[in-house]
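Asker:
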Amino acid sequence: MQTRKELKTAQDYLDAADREFENADALAATELLRAAMMHTLKTVAAKKGWDYDGDDLYPVVDKIAKMDDQVGEILLSSYGAAEGYPEKVHYGYFVWEDGDSHRMLRVVREFINEVQRLTE
Numbered sequence: 001m002q003t004r005k006e007l008k009t010a011q012d013y014l015d016a017a018d019r020e021f022e023n024a025d026a027l028a029a030t031e032l033l034r035a036a037m038m039h040t041l042k043t044v045a046a047k048k049g050w051d052y053d054g055d056d057l058y059p060v061v062d063k064i065a066k067m068d069d070q071v072g073e074i075l076l077s078s079y080g081a082a083e084g085y086p087e088k089v090h091y092g093y094f095v096w097e098d099g100d101s102h103r104m105l106r107v108v109r110e111f112i113n114e115v116q117r118l119t120e
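The sequence shown begins at 1 in the working numbering and counts up by one.
1. Going by Cα to Cα distance, which pick from 88, 11 and 21 is closest to residue 102?
2. Could you tell me whether the Cβ atoms of residue 120 and residue 86 are closer together than 7 Å?
3. Using only the alpha-carbon positions, how far apart do residue 8 and residue 15 sit?
4. Does the beta-carbon of residue 78 have 16 or more other beta-carbons within 10 angstroms, so that it is buried, or is it exposed?
5. So what's residue 69 in DSSP terms, helix, strand or just coil?
What follows is the structure in structure tokens.
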């Protein structure tokens with residue numbers, strides 16, 4: 001049952017990120033998006049018995065990506081993008097007018113959905 005609780009927490013992070021974007025706090029929102037992704041990956045790693053080093057979850061993403069050739073590269077790319085979201089905001093590359101917030105939310109939601117689909 002721990003796995004379901006962790007995945008619910010990931011959804012809570014996504015919902016909180018959405019609220020932060022609505023409040024125009026892009027840095028808090030992107031940190032929450034990254035946290036949602038990390039929570040999901042750590043949950044999968046625990047469920048599968050996979051090792052990882054702290055917050056370096058690339059090895060976990062790589063294992064999941066190898067489960068499906070069609071979405072594998074997309075998962076790796078999405079992970080890399082989300083890892084850099086807070087830095088994008090911090091260094092001024094986040095542009096509200098470009099719909100970055102909606103794109104970021106969509107990318108992370110799709111990532112989490114695919115990870116869950118591939119690892120259930």
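Using N, Cα and C, we set each Cβ at its ideal position, and we do this for glycine too.
Answerer: On the basis of the supplied data:
1. 21
2. no
3. 11 Å
4. buried
5. helix
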